[in-house]
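Worksheet for the structure shown next.
Numbering (this note's numbering), first residue to last: 9 to 512.
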């Protein structure tokens with residue numbers, strides 16, 4: 009590997025010598041970053057025997073598997089310092105916002121760049137709550153899902169379905185500059201979709217929950233907070249003067265605030281990748297929801313609970329720790345792609361958990377979680393690898409204590425993250441220079457040019473080991489009818505939360 013040349017004294021640039029050609033290049037450094045396209049100028053003749061697919065004559069490509077060190081845009085929204093354990097929304101430390109703000113106020117901050125005045129927030133809140141009501145036809149849509157459908161599959165589908173109602177919000181129908189013009193009319197259309205998506209996110213999630221429980225759907229109430237309305241829609245069973253428990257309502261609001269944004273994570277990047285084609289925001293948010301569904305992202309807090317259940321009692325923790333070291337078990341809720349020290353959100357969630365447990369009683373898995381936490385934090389294996397608890401380690405325990413089923417945990421992540429996705433979407437639509445469709449490069453390592461071979465002359469290569477079974481249009485295997493007990497896979501138990509009912 010060649011050594012980089014010293015840059016001229018006082019110059020904010022990077023000097024590079026290409027030893028293939030002997031040429032030197034000076035690349036500007038802006039905000040401690042260099043442009044990947046500057047390397048396209050560093051071309052060279054193809055070496056003898058080199059594959060033409062390397063495209064050496066077209067300039068160097070930058071290889072960054074998994075986006076470990078590639079910046080794809082300039083952003084003003086969220087700052088993370090993973091080494092120092094810092095998270096700030098628009099410059100405000102997450103610790104201050106969690107203590108002083110609310111989820112909706114923070115949503116305004118993330119989307120529009122500043123904390124709202126009292127009158128600004130009132131308008132914002134009123135618009136979001138006004139747009140929480142879903143068209144009556146949606147009931148039929150939700151009832152069409154199987155009785156055991158995962159709630160994230162339902163929510164993802166519902167977000168995409170929602171876009172079918174609003175042709176005025178579709179650039180494919182209204183013109184591709186619908187959201188990019190930046191004029192008064194364009195901003196008004198953009199704001200309305202923001203209100204709709206944030207407002208309806210809780211309603212769609214509650215409907216996904218209730219259809220799984222076999223309950224009737226609930227119209228969003230008036231006079232409650234954002235998280236209060238959400239809890240009401242899930243738990244209301246006809247009680248007179250029912251309101252959610254204020255402690256649980258506040259706890260959920262804090263969790264929503266903490267999950268509102270986290271810079272360019274997998275789901276936010278998915279939203280932007282999808283949005284770069286200028287698709288409608290409902291489709292883009294649905295794509296983000298699908299990305300969040302994965303166990304390496306939004307499914308992590310569900311994985312924590314399953315892990316703690318598998319451990320069982322605190323005395324089983326040492327054996328589990330040793331199994332993790334031997335790579336026989338997976339440790340969930342520790343470590344983070346960005347944070348190399350503690351996740352700053354984890355401390356806030358741990359404090360919130362204490363407040364929730366005062367109402368619901370301590371979760372039976374709490375002692376196991378504490379034993380695992382203490383053992384891992386003292387073990388050199390985890391210390392050396394900087395595996396500290398993240399936000400998912402404690403949030404799952406809170407959701408479980410509040411009575412949410414395990415597979416609903418990712419939904420509780422997706423609902424508040426709609427805010428962050430919209431903030432990044434809005435920023436992209438209004439960015440200087442307009443929107444360019446994202447088109448990453450690849451390094452092709454497959455076969456070089458080869459000629460077609462007639463079927464009778466081909467030699468068998470690796471393929472399916474046996475012929476796939478054939479299925480008829482009803483989903484039955486040929487010659488065999490598959491039966492499944494509905495009762496065996498669907499619990500009829502309703503969610504019960506200690507102290508959740510409070511008279512007005």
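All residues carry an ideal CB built from backbone N, CA and C; glycine is no exception.
Quick check: what's the CA-CA separation for residue i versus residue j?
{"i": "residue 382", "j": "residue 341", "result": "13 angstroms"}
{"i": "residue 234", "j": "residue 42", "result": "42 angstroms"}
{"i": "residue 242", "j": "residue 226", "result": "8 angstroms"}
{"i": "residue 514", "j": "residue 25", "result": "It is not possible to answer for residue 514, since the shown part of the chain is limited to 9 through 512."}
{"i": "residue 68", "j": "residue 275", "result": "29 angstroms"}
{"i": "residue 20", "j": "residue 450", "result": "30 angstroms"}
{"i": "residue 394", "j": "residue 157", "result": "37 angstroms"}
{"i": "residue 368", "j": "residue 230", "result": "26 angstroms"}
{"i": "residue 214", "j": "residue 54", "result": "59 angstroms"}
{"i": "residue 88", "j": "residue 105", "result": "15 angstroms"}
{"i": "residue 420", "j": "residue 129", "result": "23 angstroms"}
{"i": "residue 301", "j": "residue 108", "result": "30 angstroms"}
{"i": "residue 435", "j": "residue 60", "result": "39 angstroms"}
{"i": "residue 145", "j": "residue 202", "result": "22 angstroms"}
{"i": "residue 64", "j": "residue 86", "result": "38 angstroms"}
{"i": "residue 504", "j": "residue 244", "result": "Reliability of the predicted coordinates at residue 504 is poor, the pLDDT of 49 falling under 50, and no value is obtained from them."}
Could you have a look at residue i and say whether DSSP puts it in helix, strand or coil?
{"i": "residue 288", "result": "coil"}
{"i": "residue 321", "result": "coil"}
{"i": "residue 282", "result": "helix"}
{"i": "residue 304", "result": "coil"}
{"i": "residue 96", "result": "strand"}
{"i": "residue 370", "result": "coil"}
{"i": "residue 440", "result": "coil"}
{"i": "residue 412", "result": "coil"}
{"i": "residue 23", "result": "strand"}
{"i": "residue 119", "result": "helix"}
{"i": "residue 211", "result": "helix"}
{"i": "residue 87", "result": "strand"}
{"i": "residue 31", "result": "strand"}
{"i": "residue 70", "result": "coil"}
{"i": "residue 131", "result": "helix"}
{"i": "residue 244", "result": "coil"}
{"i": "residue 250", "result": "strand"}
{"i": "residue 364", "result": "helix"}
{"i": "residue 56", "result": "coil"}
{"i": "residue 355", "result": "helix"}
Can you tell me whether residue i is buried or exposed? The criterion is at least 16 other CB atoms within 10 Å of its CB, across all chains shown.
{"i": "residue 273", "result": "buried"}
{"i": "residue 155", "result": "exposed"}
{"i": "residue 140", "result": "buried"}
{"i": "residue 249", "result": "exposed"}
{"i": "residue 180", "result": "exposed"}
{"i": "residue 77", "result": "exposed"}
{"i": "residue 138", "result": "exposed"}
{"i": "residue 378", "result": "exposed"}
{"i": "residue 309", "result": "buried"}
{"i": "residue 57", "result": "exposed"}
{"i": "residue 125", "result": "exposed"}
{"i": "residue 472", "result": "exposed"}
{"i": "residue 238", "result": "buried"}
{"i": "residue 456", "result": "exposed"}
{"i": "residue 240", "result": "buried"}
{"i": "residue 304", "result": "exposed"}
{"i": "residue 360", "result": "buried"}
{"i": "residue 440", "result": "exposed"}
Can you name, in chain order, every residue of its own chain whose Cβ lies under 6 angstroms from the Cβ of residue i, other than the five neighbours on each side?
{"i": "residue 236", "result": "252, 257"}
{"i": "residue 166", "result": "212"}
{"i": "residue 353", "result": "266, 399"}
{"i": "residue 470", "result": "none"}
{"i": "residue 170", "result": "290"}
{"i": "residue 112", "result": "133, 234"}
{"i": "residue 1", "result": "What is shown of the chain runs 9 to 512, which leaves residue 1 out entirely."}
Round the Cβ separation of residue i and residue j to the nearest angstrom and send it over; I've been treating them as touching at under 8 angstroms.
{"i": "residue 307", "j": "residue 418", "result": "5 angstroms"}
{"i": "residue 279", "j": "residue 292", "result": "5 angstroms"}
{"i": "residue 290", "j": "residue 161", "result": "The pair is not a contact, with the Cβ atoms about 17 angstroms apart (cut-off 8 angstroms)."}
{"i": "residue 142", "j": "residue 208", "result": "6 angstroms"}
{"i": "residue 313", "j": "residue 414", "result": "5 angstroms"}
{"i": "residue 47", "j": "residue 70", "result": "6 angstroms"}
{"i": "residue 405", "j": "residue 371", "result": "5 angstroms"}
{"i": "residue 219", "j": "residue 151", "result": "7 angstroms"}
{"i": "residue 376", "j": "residue 333", "result": "Their Cβ separation, rounded to whole angstroms, is 18 angstroms, which puts residue 376 and residue 333 out of contact at 8 angstroms."}
Enumerate in chain order the residues of its own chain whose CB-to-CB distance from residue i is below 8 angstroms, with the five nearest sequence positions on each side excluded.
{"i": "residue 188", "result": "194, 286, 437, 438, 442, 443"}
{"i": "residue 268", "result": "97, 111, 114, 115, 118, 424, 425, 427, 428"}
{"i": "residue 176", "result": "182, 197"}
Less than 7 angstroms between C-beta atoms, sequence neighbours within five positions excluded: which residues of the same chain meet that for residue i?
{"i": "residue 358", "result": "402"}
{"i": "residue 363", "result": "255, 259"}
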